[in-house]
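K.L.:
The structure that follows is given in the form of structure tokens.
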Amino acid sequence: QDNRISIWSVGDLGNVGLSGEYQGEPQLLCDIRHNGDVMEMQFLDQERIVVASSTGTVTVFRHHQNNQTLSVSQRWEKAHYHVDQDTSCCGAACTGVICNNPEIVTVGEDGRINLFRVDQKDAIRTIDNADSSTLHAVTFLRTTEILTVNSIGQLKIWDLRQQTNEPSQIFSLTGDRVPLHCVDRHPNQQHIVATGGQDGMLSIWDIRQGTMPVSLLNAHEAEMWEVHFHPSNPDHLFTCSEDGSLWHWDTSRDVSEKPSFLHQGGRSTAYFSHNTVNQSVISAWLSNDPTKDRMEITNLIPNQTLSVNSLDILGPCLVYGTDAEAIYVNRQLFA
Amino acid sequence: RLVQVSKNYRSVMRACMEDMHQAAISARDPALHSQYSTQVSILSAMELIWNLCEILFVEAAAAGTLLLRLLDWVRLHICDVDNMVREVLSSENPSKHELFWNVVDVFVLQGRMDEARHLLSKEASADPTSVNMYKILDDLMKKMPVPSLGNTQTLTEMELKWQHWHEECQRYLQNGTFASNSHMESICKILLGDEDAILEKKELMTTWYHFLVTRLLYSRPTVKPMELRFYAQMDLFLGGESSPEPLDMILMAAFEFEMHQVIKECSIALSNWWFVAHLTDLLDHCKLLQSHNLYFGSNMREFLLLEYASGLFSHHSLWQLGVDYFDHCPEYGRVYLELHIERIPLNTEQKALKVLRICEQRQMHEQVRSICKIMAMKALRNNRLGSALSWSIRAKDAAFATLISDRFLKDYCERGCFSDLDLIDNLGPSMLLSDRLTFLGKYREFHRLYGEKRFSEAAKLLLMLMTAHIAPCSFWMTLLTDALPLLEQKEVVFSAEQTYELMRCLEDLTAGKSEKQKFQDDDVETTKVEMLRLALARNLARVIVKEGTLEGS
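In order, the protein sequences belong to chains A and B. Start counting the first sequence at 155; every next residue gets the next number (this note's numbering). Start counting the second sequence at 215; every next residue gets the next number (this note's numbering).
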């Protein structure tokens, strides 16, 4: 296997064609070999990228912009590992990483949570056996609190200031304990959390109240790999799945307005009213008034084939990658 | 439409060639460079073969169009002369260039009349004495009849015209019109289809198939597909010096319309199944391959596709494509898929999930169960009990869930406390997957109730576990021992009914033991039983009094 971390340049704005579509292909700037599958990547700061590997290693790469090269800046081998009954050690996949410079939190298939600080050789804190199942994803709730999701359908809050190795709160799905694969927090309203499950269901949680999700939305037909709130436009949510689709969830519009979305192909819009349990919160995500609040959902992929494994959004740009060895860039998301 | 598909394949091959070419150019290491260059030439040969097959088989060009297509084919693939052509054309005074006549010959041989005439006109203007000759030659070239693509003329019309034109050329040659200029004379001979004249220009044609097409152009432009084999003779061209290469054999087989031979030769010559598998598939879609049943039952197309797809499965990421190929093999595809999919190495859970999704979409339940079991066993070995449980839930594997629960219970018995409380406390409806799992959940609930000092509820639960036979018999002793503290409470917890029930359970348990077992029981066991009996008796006493008192007042 030859896995690589690559940095691409997606050209300048001068290359935009008539219809606003992006012209020209992304250019490969530099790449570097990576040992194991890349499970997740995050930018730590302008120059450094933290990468989680299926071998259990967490690596920090530095991108040298002057000569366009990548180099390994720091590495934590065996950040995640299994110790089996014969007390032999083998690596466990690191499934999730989240950064808040200079801190890095990683979780893995070994149910372990690690807190690293850049430039420090050992982990600041490790919670062994934090979970009896696999931790699939992690995100920051506040600067000292993290959210994790696991294989038995639980959303847990951990307070890193506390020295106990117990979560401060546990939330569970109603009904079947379907594994949760991804989690994201609303950028402005920190009590709103979205998770995606193995059955493709999108769950919205209000962590101030209750232990069950506020709404359950039947979304994809297969595992939902990633869910992201738009960082500056949080009325928009994006999810991608094994079934090959990427959905754009938009709660920003009123019914009175005519929807006028411009995306290439595939306009399968549907209107959903929430199936809510709790009452009366300001955000559109939690509101339960069915007449007022309709959500528009669009599949952004015209001819879907293989799984969409990962996506990211910033401003008007959407990037996603599929199992068909393709990366797609859409720079006119809200045209 | 199938022609379009064929063209798509070819453009893909060309794109690969281009990439490979770029890589070859930019490779600094000479070994790498030569490796890439070899790849380029292989790809080029592949495209050549495919193109010919497209013309002859997929499009099945009829007489007339056939020649045009073959001309295009030759022009596209004979590039050795391109440099020379470019050189002459870009020189200041082309007609004075030493290779000038070579280039004109090339144009004529490839049937590029307009370009030949254009070059000749330059020469004509430079040499006023032979203006007449040029005019005649130019005229002949202009008038040469070619098969038309549209339906503007029938074949017979064209043949008639061609016959007249041929005779006219013949007349000029015999008149000695071009006697003074050997170049032009040889061109005229070529126009007449004179084999020797054409053969003279061997180096400009470089290959026997170029020779073939040129011959056809000038002697039989309305050639029918089936007649090609009579004209495709390698030995004339090669002249017995060199023996035919694999590529030549393949092309020859194509000209002879021996499709199976083509496929066979390609399979031998090429190391990768990609080419033959896809070509055969395309030909099959054109309904050209009779279903030759091979001795193990599938037809050739399926056989090749299966081979190719099996090869994909050994690749760490291309196995997903292999799945699609197997889906399109009606007879053995499913079986092959079932066998291969279980052997994909599952180094991360994510990969396992993708494989499972593929199996579930195709109702391959056996494979789902077996993969989930593998993952669950791995998890169990690594002490990830929650993961193990999650895998057995996915497979709806009750037996495994029982195994996991037993493991939990064993841990509890050994350590006196539960590990992984987060899992057991939050089992939810999955508890019902197996009885043992239900018991585990309920047992934990009992402990919780006890911890919250809700004794009467705890007591009721405990009793229910035994009477409803949710608890396995092996665990009854532990449960009864758990009942001890409840029996010793200051407040009476168990009612008379319940105490009688408990006593019965104890008796069932001890009666169940054989004499031998009783003998082997150590002191601890017998003490336990005695303590229980004592506690039960005392509780009974208290409760009868209590109940009696309440009734009284």
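Glycine included, C-beta positions come from ideal geometry on N, C-alpha and C. As the structure is a computational prediction, the values presented were derived from the model and not from experiment.
#1: Per DSSP, T393 of chain A forms a beta bridge with which residues?
#2: Using CA coordinates, which residue listed in B:S304, B:E261 and B:C586 is at the minimum distance from A612 of chain B?
#3: Note down, in chain order, each residue of its chain lying with its Cβ closer than 8 Å to the Cβ of S410 of chain A, except the 5 sequence neighbours on either side.
#4: Counting only the same chain and skipping the five closest in sequence on each side, list residues whose C-beta sits under 7 Å from that of L646 of chain B.
#5: May I ask you to verify whether the stretch 517-535 of chain B touches the stretch 248-260 of chain A, counting CB pairs closer than 8 Å and requiring at least 3?
#6: Going along chain B in order, which residues have a C-beta closer than 8 Å to the C-beta of Q308 of chain A?
#7: Excluding the 5 residues flanking F469 of chain B on each side, which residues of the same chain have their C-beta closer than 7 Å to its C-beta?
#8: Residues of chain B with CB closer than 9 Å to the CB of I324 of chain A, please, in chain order.
#9: I'd like to know if L497 of chain B contacts chain A, where contact means its C-beta is closer than 8 Å to some C-beta of that chain.
#10: Please list the residues of the stretch 253-275 of chain A that have a C-beta atom closer than 8 Å to any C-beta atom in chain B, keeping them in chain order.
#11: Give the range of the alpha helix (DSSP H) segment to which Y474 of chain A is assigned.
#12: Out of B:Q703, B:E705 and B:D696, which one is the CA nearest neighbour of L720 of chain B?
#13: With a CB to CB cut of under 7 Å and the five nearest residues on each side skipped, what residues in its chain are close to T288 of chain A?
#14: For a quick check, are the C-beta atoms of D495 of chain B and K415 of chain B less than 8 Å apart?
#15: So V332 of chain A and G351 of chain A are supposed to be a Cβ contact under 8 Å. How far apart are they, rounded?
#16: Within the stretch 380-411 of chain B, note down every full alpha helix (DSSP H) run reaching 4 residues or more, in order along the chain.
#17: Any beta carbon from chain C within less than 8 Å of E628 of chain B's own beta carbon?
#18: Tell me whether the stretch 625-645 of chain B and the stretch 586-604 of chain B touch, counting them as touching only if at least three CB pairs, one residue from each stretch, are closer than 8 Å.
#19: Could you check if I769 of chain B is buried or exposed, using at least 16 other CB atoms within 10 Å of its CB as the buried criterion?
#20: Mind listing, in chain order, the continuous alpha helix (DSSP H) runs of no fewer than 4 residues lying wholly within the stretch 663-718 of chain B?
#21: Residues of chain A with a CB under 7 Å from the CB of S644 of chain B: which are they?
#22: Output the boundary residues of the alpha helix (DSSP H) element that contains R629 of chain B.
#23: For L460 of chain A, return the contacting residues in chain B, with the cut-off set at a CB-CB distance below 8 Å.
#24: Among A:V368, A:D330, A:L356 and A:I267, which residue has its Cα nearest to the Cα of P321 of chain A?
#25: I'd like to know whether the C-beta of D477 of chain A is nearer than 8 Å to at least one C-beta of chain B.
#26: Kindly give me the distance between the Cβ atoms of E431 of chain B and G325 of chain B, rounded to whole angstroms, as I take these residues to be in contact under 8 Å.
#27: Here's the rule: buried if 16 or more other CB atoms are within 10 angstroms of the residue's CB, otherwise exposed. What is Q418 of chain A?
#28: Can you give me the Cβ contacts of P180 of chain A inside the same chain, cut-off strictly under 8 Å, excluding the 5 residues immediately before and after it?
#29: Ordered along the chain, which non-local residues of its own chain (more than five positions away) have a Cβ less than 8 Å from that of E574 of chain B?
#30: From L182 of chain A to L334 of chain A, what distance separates their C-alpha atoms?
#31: With 16 other CB atoms within 10 Å as the buried threshold, where does M398 of chain B fall?
#32: Residues of chain B with a CB under 7 Å from the CB of D191 of chain A: which are they?
#33: Does the Cβ of L416 of chain A have 16 or more other Cβ atoms within 10 Å, making it buried, or fewer, making it exposed?
#34: Starting from Y235 of chain A, trace the beta strand (DSSP E) in both directions and tell me its first and last residue.
#35: Taking all protein chains shown into account, do 16 or more other C-beta atoms lie within 10 angstroms of the C-beta of I482 of chain B, making it buried, or fewer, making it exposed?
#36: Among residues of its own chain, excluding the 5 on either side of L570 of chain B, which ones have a beta-carbon nearer than 8 Å to its beta-carbon?
P.N.:
On the basis of the data shown:
#1: A:V381 and A:W401
#2: Check the Cα spacing between A612 of chain B and each of B:S304, B:E261 and B:C586: the tightest is with B:C586.
#3: Because S410 of chain A carries a pLDDT of 37, less than 50, the predicted location of this residue cannot be relied on, and no value is offered for it.
#4: In the same chain as L646 of chain B, and ignoring 5 residues on each side of it, the C-beta atoms closer than 7 Å to its own belong to T652, in chain order.
#5: Taking a cut-off of 8 Å for Cβ pairs, the stretch 517-535 of chain B and the stretch 248-260 of chain A do not touch, as fewer than three such pairs fall below it.
#6: Neighbours of Q308 of chain A on chain B, chain order: D636 and N640.
#7: L442, R443 and A446
#8: D636, D639 and N640
#9: no
#10: Taking 8 Å as the Cβ-Cβ cut-off against chain B, the residues of the stretch 253-275 of chain A that qualify are E263, D264 and G265.
#11: Premise fails: Y474 of chain A lies in the beta strand (DSSP E), C471 to T476, not in any alpha helix (DSSP H).
#12: B:D696
#13: Hits under 7 Å: T249, E263, G265, N304 and S305.
#14: In this structure, D495 of chain B lies away from K415 of chain B, with their beta-carbon atoms at least 8 Å apart.
#15: Right, the Cβ-Cβ distance comes to about 5 Å (below 8 Å), so this counts as a contact.
#16: 396-405
#17: In the structure shown, chain C cannot be found, because the protein chains are A and B.
#18: At 8 Å Cβ cutoff, the stretches touch.
#19: With chain B represented from 215 up to 767, any question about residue 769 of chain B goes unanswered, as that position is not in the structure.
#20: 669-681 and 690-701
#21: D330 and R331
#22: In the DSSP annotation of this structure, the continuous segment of the alpha helix (DSSP H) that includes R629 of chain B starts and ends at A612 to R629.
#23: Q534
#24: A:I267
#25: Among the CB atoms of chain B, one or more fall inside 8 Å of the CB of D477 of chain A.
#26: The displayed chain sequence assigns Leu, not Glu, to residue 431 of chain B. Going by Cβ atoms, the distance from L431 of chain B to G325 of chain B rounds to 5 Å, so yes, they are a contact pair.
#27: Because Q418 of chain A sits at a pLDDT of 27, beneath the cut-off of 50, its placement in the model cannot be relied upon, and the following sentence gives the value as read from the coordinates. By the 10 Å Cβ count, Q418 of chain A comes out exposed.
#28: Closer than 8 Å at the Cβ level, and outside the excluded window around P180 of chain A, lie W162, S163, V164, G165, I481 and V483.
#29: V582
#30: 34 Å
#31: Buried: at least 16 other Cβ atoms inside 10 Å.
#32: The answer, in chain order, is T562.
#33: Caution applies to L416 of chain A, whose pLDDT of 29 falls short of 50 and renders its modelled position unreliable; the value that the coordinates give is listed next. Its Cβ having fewer than 16 others within 10 Å, L416 of chain A is exposed.
#34: Y235 to V237
#35: Counting other Cβ atoms within 10 Å of its Cβ, I482 of chain B stays below 16 and is therefore classed as exposed.
#36: Around L570 of chain B, the same chain offers V582, I585, C586 and R608 as residues with beta carbons nearer than 8 Å, after the five sequence neighbours per side are excluded.
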